[in-house]
Amino acid sequence: MANPSSQTEAMNEASTAEPEATAAEAESAQSPELLRARLAVLEEENRQLRDEYASARRSQYRTTALGLAALGVVALAGTVIAPGERTVLFALAGTGLFGALLTWTLTPEEFVAASIGEKITASYAADRDALSAELGLQDDHIYVPTDDRTATLFIPQRPDYELPDAFDGLLIVPENASARGVAFTPTGAPLYQTFREGLAGEPADDPGSIAAQLADSVVEQFELARSATVAPDRTGSGVAVRIERPTFGNLETTDHPVISTIATGLAVELDRPVDARVANTDGETTVLEFKFADQ
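Note that our numbering has the sequence shown beginning at 1, numbered continuously upward.
Shown next as structure tokens:
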């Protein structure tokens with residue numbers, strides 16, 4: 001016969017465990033709701049941070065615009081105080097007011113952090129580097145002009161390569177083994193198109209001047225580097241570009257936007273293939289070489 005005290009203890013333990021289990025089940029059932037609520041809070045905080053970052057950047061632009069406007073107004077007032085210097089003061093006033101108008105109206109509405117662009121560029125280049133390594137491709141990167149005013153990036157499989165007659169796919173496998181390789185759409189192709197659309201008039205005629213225009217756009221228009229200096233090759237076989245502090249880090253990755261933009265522009269404007277490579281890198285300074293080849 002069972003001991004009554006034992007039965008009582010067992011019933012008490014069961015009655016105690018049941019509420020604990022019920023509480024645990026309730027907490028487990030609520031956990032998805034809690035997670036969703038926390039996620040919503042984090043998303044809202046991220047949105048607020050992005051808005052504050054964009055507001056701060058817009059504030060910088062507009063502060064500059066107000067400063068230029070103030071300069072223009074002061075110069076305009078100076079024409080009354082110093083009538084003998086009216087010509088210079090009128091020019092200064094016009095420059096300040098016009099610059100203020102442009103800076104205010106052209107202030108970007110959206111900003112993307114450089115770190116985000118760098119991560120996207122790095123992952124994009126990693127796939128191309130992996131494909132090149134798997135196929136045993138060479139280190140040569142040749143930007144070949146096409147009929148539609150753009151270029152194709154050709155990476156050959158053999159060191160003694162020849163340019164293929166047609167780029168009709170990603171993998172180029174003609175009967176001529178020396179012309180085999182991979183053809184990519186350059187990352188700099190759309191940037192070159194943007195540069196071309198924003199160019200006043202026609203681009204320069206000589207390679208050095210064209211490279212300088214492209215290098216300036218990399219710095220001033222696209223903000224992909226702190227500075228860029230062009231040194232034309234005296235033999236006329238190419239140009240070298242010195243890049244200071246690129247925005248997206250390592251220029252030695254395949255088809256880096258800085259290299260790709262300049263090489264694509266040179267290939268299209270000169271209508272000849274351009275072999276682009278990193279000649280030297282030292283800390284925040286990198287020297288790029290762009291060699292011209294015949295079709």
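Even for Gly, the Cβ is constructed at its ideal location relative to N, Cα and C.
Within the same chain, 188, 211, 214, 215, 218, 241, 276, 288, 290 come within 8 Å of residue 262 by CB-CB distance, once the 5 residues on both sides are set aside. At the C-beta level, residue 293 and residue 268 stay beyond 9 Å of one another. Straight through space, the alpha carbons of residue 123 and residue 78 are spaced by roughly 55 Å.
Each residue's CA atom was taken as its position, placing residue 135 and residue 161 some 15 Å apart. Taking a C-beta distance under 9 Å as the contact criterion, residue 125 and residue 254 qualify as a contact pair. Spatial neighbours of residue 226 in its own chain (CB-CB distance under 6 Å, excluding positions within 5 residues in sequence) are listed in chain order as 244, 245. Beta-bridge analysis with DSSP links residue 227 to 244.
Straight-line measurement puts the Cα of residue 148 at about 24 Å from the Cα of residue 208. Residues of the same chain with a CB within less than 7 Å of the CB of residue 159, apart from the 5 flanking positions on each side, are 138 in chain order. Put simply, of 250, 170, 34, 75 the residue whose alpha carbon is nearest the alpha carbon of residue 282 is 250. Taking a contact as a CB-CB distance under 8 Å, the pair residue 247 and residue 223 counts as one, their CB atoms being some 6 Å apart. 9 Å or more divides the Cβ of residue 73 from the Cβ of residue 99. If you ignore the 5 residues before and after residue 278, its C-beta comes within less than 7 Å of the C-beta of 251, 252, 286, 288, all in its own chain and listed in chain order. With contacts defined by Cβ atoms closer than 9 Å, residue 191 and residue 121 do not form a contacting pair.
For residue 277, the enclosing beta strand (DSSP E) covers residues 274 to 282.
In the three-state reduction of the DSSP assignment, residue 163 falls in the coil class, being assigned neither a helical nor a strand state. For residue 151, no alpha helix (DSSP H) encloses it; the enclosing beta strand (DSSP E) starts and ends at 151 to 156. Per DSSP, reduced to three states, the secondary structure at residue 261 is helical. With respect to the C-alpha of residue 141, the residue from 131, 133, 153 having the closest C-alpha is 153. Cβ contact annotation for residue 175 (same chain, cutoff 8 Å, sequence separation greater than five): none.
Between the alpha carbons of residue 93 and residue 230 lies a distance of about 34 Å. Counted as a single uninterrupted DSSP element, the stretch harbouring residue 214 is not any beta strand (DSSP E) but the alpha helix (DSSP H) occupying residues 207 to 216. Beta-bridge partners of residue 171 (DSSP): 182. Assigned with DSSP and collapsed to three states, residue 199 falls in coil, not helix or strand. Taking a contact as a CB-CB distance under 8 Å, the pair residue 186 and residue 260 counts as one, their CB atoms being some 5 Å apart.
Your pair residue 164 and residue 172 checks out as a contact, with CB atoms roughly 5 Å apart and the cut at 8 Å. Within the model, the alpha-carbon separation for residue 221 versus residue 87 is close to 32 Å.
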